[in-house]
Structure formats: structure tokens, C-alpha cells
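**Student:** Have a look at this one.
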Amino acid sequence: MSFPLPPGVRLGRWQRVLLMAAGWCLLAGFILAWQLTPDDRGFGTHQQLGFPPCSFQVIFGIPCPSCGGTTSFAHFVRGQWPSSARANPAAFLLALGCVVLVPWCWCSSWLGRTWGVDSPAWLLLWFVIAVSGVALLQWGYRLALL
């Protein structure tokens, strides 16, 4: 008895390798975030990696749309989701997407088909639009509070 393949786009060898690698890279990002201590200010955690303070904030005196993103991920991996969302709602949404993407990449690679998704490009496009929209909305809100 054979089981039908799940719906999805058939993947070539290199696509399968790239998806497997993408899953590992996303997991490595979460491991890196786990090694960082979330900054109490809600931003600035990236400086633990040797990066300078946010250039946008230094030059213009206002936070950029991604300020708090690294801090958000550092909270996210600790299960501190309210703190993660407060640090940067768009980064919190991105982290949620990455959590879903890790097993999706690996399952799709193993199956040789995009797992449960017939149009991954459209799904990715809508996800990027959603994250970008949230980033702009939260940035506008933060600027209004200044």
C-alpha cells in the first residue's frame, strides 16, 4: 500500500539542501539569541555582539523601526513573550515565523516537496508584508510618544 505525496511544490536536490541549511541557520540564530542577555532598556542587546549603538538613533535622535529587534529575540528564546513583543512587535512576529520555518524547512527538505504549501513565494510575500506593516506601525507609535 502506498501513500500519496502531500501537496506542495516538488523540490530539486539543491533546493532540498538549501532548505535544510536554512533550517539550521535559523536554529543557529535562536541559539545566538539565547546567549545574549536582553538589555533592560528594551534595545541595545546587539551591542553584546560588538556592534555599535544604532546609527539611526545616534544621528537623528530617534529609534529606527528595527530598534529592539535583537532584544526581542533574546526575550523570545527565553519564553518571555510579552517582553519580546514590547521590545519590538515586528521582531516578535518574525521570531514566531522563524519558529514555524525551522521544522517546515526540514520537513520540506526530507519530503522533497514544500510541506503543506502550494505557493511558498506568495506565503513568504504576505509574511514579509505583515512584518513590515507591523514594523512601520510600531515605529509610528513610538515616534508619536516622543
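Just so you know, our numbering puts 59 at position 51 of the sequence shown, and the rest follows in order with no gaps.
Each residue gets a CB set at the ideal place from its N, CA and C atoms; glycine is no exception.
By a C-beta neighbour count over all protein chains shown, 10 Å radius and 16 as the cutoff for buried, is THR79 buried or exposed?
**Tutor:** Answer is buried; the Cβ neighbour count reaches 16.
**Student:** Check whether the Cβ atoms of PRO128 and VAL17 lie closer than 9 Å to each other.
**Tutor:** Taking 9 Å as the Cβ cut-off, PRO128 and VAL17 qualify as a contacting pair.
**Student:** Check whether the Cβ atoms of ALA98 and PHE84 lie closer than 9 Å to each other.
**Tutor:** Their beta carbons are not under 9 Å apart, which means ALA98 does not touch PHE84 by this criterion.
**Student:** From which residue to which residue does the alpha helix (DSSP H) around ILE137 run?
**Tutor:** Looking at the DSSP string, the run of the alpha helix (DSSP H) that includes ILE137 is 128-153.
**Student:** Within the region 68-106, note down every full alpha helix (DSSP H) run reaching 4 residues or more, in order along the chain.
**Tutor:** DSSP runs (the alpha helix (DSSP H)) wholly in the region 68-106: 77-84, 89-95.
**Student:** For CYS106, I'd like the list of residues in its chain whose CB is within less than 8 Å of its CB, leaving aside the five on either flank, ordered along the chain.
**Tutor:** Closer than 8 Å at the Cβ level, and outside the excluded window around CYS106, lie LEU34, GLY37, PHE38.
**Student:** What distance in whole Å lies between the Cβ atoms of PHE135 and ALA103, which are believed to be in contact at a cut-off of 8 Å?
**Tutor:** Their Cβ separation, rounded to whole angstroms, is 12 Å, which puts ALA103 and PHE135 out of contact at 8 Å.
**Student:** GLN49 bridges to which residues according to DSSP?
**Tutor:** With the sequence shown as reference, residue 49 is identified as Arg, and Gln is not the correct amino acid for it. In DSSP, ARG49 forms no bridge with anything.
**Student:** Use the C-beta contact count for ARG21: other C-beta atoms within 10 angstroms, 16 or more gives buried, fewer gives exposed.
**Tutor:** Classification of ARG21: exposed, given that the 10 Å Cβ count is below 16.
**Student:** Straight-line CA distance for GLY124 to LEU131?
**Tutor:** Those two C-alpha atoms are separated by around 11 Å.
**Student:** So with Cβ pairs under 9 Å, would you call CYS72 a contact of chain D?
**Tutor:** Of the protein chains in this structure there is only one, and it is not chain D.
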